[in-house]
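> As they're listed, the protein sequences go chains Z and Y.
Under this note's numbering, the first sequence has 147 at position 138, and the numbering climbs by one with no breaks.
Under this note's numbering, the second sequence has 64 at position 60, and the numbering climbs by one with no breaks.
Where is the CB? At the ideal position from N, CA and C, for every residue including glycine.
Following this message is one structure expressed as structure tokens.
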Amino acid sequence: MDKNKNSYIFIYSVILVVVVAGVLSLVAVLLQPKQAKNLEIEQKRNILAALKVTPETKDVEDTYAKMVKEIAVDEAGNEVDATDDALKLYVAHTDKGIKYVFPLSGKGLWGPIWGYISLDDDLNTVFGAYFDHKSETSGLGAEIATEHFQSQFSGKKIFDRSNKFVSVKTNKRGASNDNEVNAISGATITSTSVNEMIESCLKSYLPYIEKSRK
Amino acid sequence: MQNKRKERIFLDPIFRNNPVTVQILGICSALAVTVKLQSAVVMALSLTFVVAFSNVIVSLLRKTIPGRIRIIVQLVVVAFLVILVDQFLKAYFFDISKQLSVFVGLIITNCIVMGRLEAFAMSNSPKRSLIDGFANGLGYGFILIVVAFFRELLGSGTIWNYQVVPQAFYDAGYMNNGLMIMPPMALIAVGLIVWIQRAHQQKKEEGK
Numbered sequence: 010m011d012k013n014k015n016s017y018i019f020i021y022s023v024i025l026v027v028v029v030a031g032v033l034s035l036v037a038v039l040l041q042p043k044q045a046k047n048l049e050i051e052q053k054r055n056i057l058a059a060l061k062v063t064p065e066t067k068d069v070e071d072t073y074a075k076m077v078k079e080i081a082v083d084e085a086g087n088e089v090d091a092t093d094d095a096l097k098l099y100v101a102h103t104d105k106g107i108k109y110v111f112p113l114s115g116k117g118l119w120g121p122i123w124g125y126i127s128l129d130d131d132l133n134t135v136f137g138a139y140f141d142h143k144s145e146t147s148g149l150g151a152e153i154a155t156e157h158f159q160s161q162f163s164g165k166k167i168f169d170r171s172n173k174f175v176s177v178k179t180n181k182r183g184a185s186n187d188n189e190v191n192a193i194s195g196a197t198i199t200s201t202s203v204n205e206m207i208e209s210c211l212k213s214y215l216p217y218i219e220k221s222r223k
Numbered sequence: 005m006q007n008k009r010k011e012r013i014f015l016d017p018i019f020r021n022n023p024v025t026v027q028i029l030g031i032c033s034a035l036a037v038t039v040k041l042q043s044a045v046v047m048a049l050s051l052t053f054v055v056a057f058s059n060v061i062v063s064l065l066r067k068t069i070p071g072r073i074r075i076i077v078q079l080v081v082v083a084f085l086v087i088l089v090d091q092f093l094k095a096y097f098f099d100i101s102k103q104l105s106v107f108v109g110l111i112i113t114n115c116i117v118m119g120r121l122e123a124f125a126m127s128n129s130p131k132r133s134l135i136d137g138f139a140n141g142l143g144y145g146f147i148l149i150v151v152a153f154f155r156e157l158l159g160s161g162t163i164w165n166y167q168v169v170p171q172a173f174y175d176a177g178y179m180n181n182g183l184m185i186m187p188p189m190a191l192i193a194v195g196l197i198v199w200i201q202r203a204h205q206q207k208k209e210e211g212k
């Protein structure tokens with residue numbers, strides 16, 4: 010058969026594409042439930058990480074079910090039933106008291122960054138933080154996903170001395186007060202992105218936080 | 005004779021005809037993933053897998069592929085394999101897939117994969133193509149790991165995320181070389197390896 014005939018090329022490419030697309034969609038559909046489950050476990054693991062609890066993968070779900078309760082609030086800070094528009098947060102009963110975990114999401118230098126930040130029950134002191142990223146530069150921006158960077162957040166405050174909401178910021182010159190942590194050198198944009206993410210996400214919970222502090 | 009040829013197919017890509025240092029292919033990913041040893045190893049393994057199996061598939065199909073669209077066919081095969089692997093990792097090895105996420109796209113565009121398909125798999129048997137793909141992946145991985153070893157050691161003071169430069173050094177005024185983390189140093193490191201290898205080979209050839 011003449012392999013350079015147009016009809017051969019046409020039929021060949023159609024068959025190739027149909028076979029490849031068929032196999033890939035089949036695989037995607039078959040593996041979908043398993044992948045979704047992995048993502049769910051991953052999310053729970055991240056929430057627990059912000060609470061400084063790091064169970065083995067197989068224990069994540071049990072630990073989560075035991076410790077964490079999901080609640081939702083509206084923009085005025087009232088507790089409401091969980092709907093898609095409601096702001097979600099997580100209340101955890103740890104052996105160090107009640108902690109509040111807030112989900113964070115924002116954009117980094119190359120792609121999305123996200124994480125969770127947990128506050129003590131004074132809703133001011135940070136208990137722990139967890140960050141992850143899709144594609145920040147390895148060795149630079151990607152360092153936000155390391156223990157080394159995240160552990161700095163413990164004990165910091167989101168309100169300043171005059172009780173004004175200032176969030177926790179990274180500072181390139183080094184942390185100088187209770188509202189700052191060290192930025193990552195060489196990763197200015199990712200560090201700034203972390204600032205913006207924490208501030209903007211916590212801000213939407215501010216009515217709830219201020220209401221609960223009183 | 006037959007065995008000797010097979011040996012060549014296997015050993016050449018690792019040293020004498022290394023895809024990175026001799027053919028200067030796959031350089032961009034070599035720059036991107038060599039900051040940490042761990043990501044270099046994961047990338048090396050994934051690329052080896054993809055080159056080896058896309059080589060086999062293309063070799064099996066080689067007599068049916070129309071010459072005018074062969075590059076497109078090769079690309080479809082590579083993309084197919086990469087997505088397949090990615091989906092499986094996401095379902096069964098979630099932790100590995102998280103590390104790999106950035107690199108998946110890099111594998112599809114890696115010149116070594118297309119280069120081997122075009123130069124070898126299109127005109128050789130599946131068995132030999134498998135060996136060739138495997139060896140080229142290893143040759144690539146070998147360079148990646150060497151570069152990553154030095155970049156992580158000098159840039160972060162760690163190996164495989166373990167601190168190896170003792171605290172006493174830091175106390176005495178030693179500092180990690182921030183430049184090693186930047187991409188230009190990867191280029192310079194690859195350049196040094198190319199230099200060493202070529203100088204060595206030249207000596208050997210002159211000695212013959």
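1. For Y:I197, which residues from the same chain have a beta carbon less than 6 Å from its beta carbon, with the 5 sequence-adjacent residues on both sides left out?
2. Name, in chain order, the residues that DSSP records as bridge partners for Y:Q167.
3. With three or more C-beta pairs closer than 8 Å as the rule, is the stretch 145-152 of chain Y touching the stretch 111-124 of chain Y?
4. Starting from the C-beta of Y:F154, find all residues in its chain whose C-beta is less than 8 Å away, skip the five residues before and the five after it, and write them out in chain order.
5. Would you say Z:G117 and Z:S22 are within 7 Å of each other, going by their C-beta atoms?
6. Taking buried to mean at least 16 other C-beta atoms within 10 Å of its own C-beta, is Y:D136 buried or exposed?
7. I need the DSSP call for Y:E209, collapsed to helix, strand or coil.
8. Let me confirm a value: Y:K94 is counted as buried when at least 16 other C-beta atoms fall within 10 Å, else exposed. Which label applies?
9. Quick one: is Z:A151 buried, meaning 16 or more other Cβ sit within 10 Å of its Cβ, or exposed?
10. Under 7 Å, CB to CB, which of the residues in the stretch 135-167 of chain Z have a partner in chain Y?
11. In the DSSP assignment, find the beta strand (DSSP E) that holds Z:G31 and state where it starts and stops.
12. By the 9 Å beta-carbon criterion, what residues does the stretch 91-122 of chain Y contribute toward chain Z?
13. By DSSP, does Z:W123 sit in helix, in strand, or in coil?
14. Name the residue from Z:R222, Z:K220, Z:P42 whose alpha carbon lies nearest to the alpha carbon of Y:Q91.
15. Excluding five sequence neighbours on each side, which residues of the same chain lie with their C-beta closer than 7 Å to the C-beta of Y:S63?
16. Which residues mark the beginning and the end of the beta strand (DSSP E) in which Z:N191 is found?
17. At what residue ranges does the stretch 148-182 of chain Z contain a whole run of the alpha helix (DSSP H), taking only runs of 4 or more?
18. Name the two residues that bound the continuous beta strand (DSSP E) containing Z:S114.
19. Establish whether the CB of Z:N47 and some CB of chain Y are separated by less than 7 Å.
20. Going by DSSP, which residues form a beta bridge with Y:L183?
21. Quick one: using the 10 Å Cβ neighbour count with 16 as the cut-off for buried, is Y:M5 buried or exposed?
22. Using the Cα positions of Z:S147 and Y:E156, report the straight-line distance between them to the nearest angstrom.
23. What does Z:A101 pair with, by DSSP beta-bridge criteria?
24. In angstroms, rounded to a whole number, what distance separates the CA positions of Z:I18 and Y:A48?
25. Cβ closer than 8 Å: which chain Z residues qualify as neighbours of Y:V37?
26. In chain Y, which residues lie less than 8 Å from Z:V36 when you measure between Cβ atoms?
27. Note the first and the last residue of the continuous alpha helix (DSSP H) segment covering Y:D90.
28. Considering Y:Y178, what are the terminal residues of the beta strand (DSSP E) in which it resides?
29. Would you give the residue range spanned by the alpha helix (DSSP H) that Y:A56 belongs to?
30. Can you find the residues in the same chain that come closer than 8 Å, C-beta to C-beta, to Z:I193, ignoring five residues on each side of it along the sequence?
31. Let's see if you can read the secondary structure: which residues bound the alpha helix (DSSP H) around Y:G119?
32. Return the residues of the stretch 46-80 of chain Y that lie within a Cβ-Cβ distance of less than 8 Å from chain Z, sorted by chain order.
33. Y:F84 CB to nearest chain Z CB: under 7 Å?
34. Helix, strand or coil: which one does DSSP assign to Y:I29?
35. Looking at Y:L35 and Y:A152, is the spacing between their C-beta atoms short of 7 Å?
Reading it off the structure:
1. If you number the second sequence from 1, residue 197 of chain Y lands on position 193. If we look at Y:I197 and ignore the five residues flanking it on each side, its Cβ neighbours are T25.
2. By one-based count along the second sequence, residue 167 of chain Y stands at place 163. Answer is Y:T162.
3. no
4. If you number the second sequence from 1, residue 154 of chain Y lands on position 150. Correct list, in chain order: M184, A193.
5. As a first step, residue 117 of chain Z must be located in the first sequence, where it is residue number 108. As a first step, residue 22 of chain Z must be located in the first sequence, where it is residue number 13. It is not a contact, given that the beta carbons lie outside the stated cut-off.
6. The residue you call residue 136 of chain Y lines up with position 132 of the second sequence. Buried.
7. Translated into the one-based positions of the second sequence, residue 209 of chain Y becomes position 205. Note: Y:E209 maps to helix in three-state DSSP.
8. Position 90 of the second sequence, counted from the start, is the residue given in the question as residue 94 of chain Y. With 16 or more other Cβ atoms within 10 Å, it is buried.
9. Translated into the one-based positions of the first sequence, residue 151 of chain Z becomes position 142. Looking at its Cβ environment, which holds 16 or more other Cβ atoms inside 10 Å, Z:A151 is buried.
10. K143, S144, S147, G148, L149
11. Position 22 of the first sequence, counted from the start, is the residue given in the question as residue 31 of chain Z. Run containing Z:G31: none in the beta strand (DSSP E); it sits in the alpha helix (DSSP H), 15-59.
12. Q91, F92, K94, A95, Y96, F98, D99, S101, K102, S105, V106
13. Reading the first sequence from its first residue, position 114 is the one you call residue 123 of chain Z. Z:W123: strand per DSSP, three-state reduction.
14. Within the second sequence, residue 91 of chain Y is the residue found at index 87, counting from 1. Residue Z:P42 is the option with its Cα nearest to Y:Q91.
15. In the second sequence, the residue the question calls residue 63 of chain Y occupies position 59. Taken in chain order, the residues that qualify are A125, N128, S129, P130, S133.
16. Here residue 191 of chain Z refers to the residue found at position 182 when the first sequence is read from its first residue. Its beta strand (DSSP E) spans residues 189-191.
17. 156-159
18. By one-based count along the first sequence, residue 114 of chain Z stands at place 105. Unbroken beta strand (DSSP E) run through Z:S114: 106-116.
19. Position 38 of the first sequence, counting from 1, holds the residue named residue 47 of chain Z. So yes, Z:N47 belongs to the interface.
20. Here the question's residue 183 of chain Y lines up with position 179 in the second sequence. Y:L183 is not bridged to any residue.
21. In the second sequence, counting from the first residue as 1, residue 5 of chain Y sits at position 1. Any reading at Y:M5 needs caution, since the residue's pLDDT is 48, under 50, leaving its predicted position unreliable; the model's value is listed next. When all chains shown are included, Y:M5 counts as exposed.
22. The residue given as residue 147 of chain Z occupies position 138 in the first sequence. The residue given as residue 156 of chain Y occupies position 152 in the second sequence. So the alpha carbons of these two residues sit roughly 11 Å apart.
23. Locating residue 101 of chain Z in the first sequence gives position 92, counting from the first residue. DSSP output for Z:A101 lists Z:V77, Z:K108 as bridge partner(s).
24. Numbered from 1 along the first sequence, position 9 holds the residue referred to as residue 18 of chain Z. Numbered from 1 along the second sequence, position 44 holds the residue referred to as residue 48 of chain Y. Cα to Cα, the separation comes out at about 35 Å.
25. One-based indexing of the second sequence puts residue 37 of chain Y at position 33. The contacting residues are S147.
26. Position 27 of the first sequence holds residue 36 of chain Z. What Z:V36 touches in chain Y: L88, Q91, F92.
27. For the purposes of this step, residue 90 of chain Y is taken as the residue at position 86 of the second sequence. Residues 74-96.
28. Residue 178 of chain Y sits at position 174 when you count from the first residue of the second sequence. Segment: none, Y:Y178 is in no beta strand (DSSP E) and carries neither H nor E.
29. Position 52 of the second sequence holds residue 56 of chain Y. Looking at the DSSP string, the run of the alpha helix (DSSP H) that includes Y:A56 is 41-65.
30. As a working note, residue 193 of chain Z is residue 184 in the first sequence. Excluding residues within five positions, the ones whose Cβ falls inside 8 Å are L149, G150, E152, I153, F158, T179, T199, S200.
31. Within the second sequence, the letter at position 115 stands for residue 119 of chain Y. Its alpha helix (DSSP H) spans residues 115-123.
32. T68, I69, P70, G71, R72, I73, I76, V77, V80
33. By 1-based counting over the second sequence, the position of residue 84 of chain Y is 80. Closer than 7 Å: yes.
34. One-based indexing of the second sequence puts residue 29 of chain Y at position 25. Strictly speaking, residue 29 of chain Y in this sequence is Leu, with Ile absent from that position. Y:L29: coil per DSSP, three-state reduction.
35. By one-based count along the second sequence, residue 152 of chain Y stands at place 148. By one-based count along the second sequence, residue 35 of chain Y stands at place 31. No, these two residues do not count as a Cβ contact at 7 Å.
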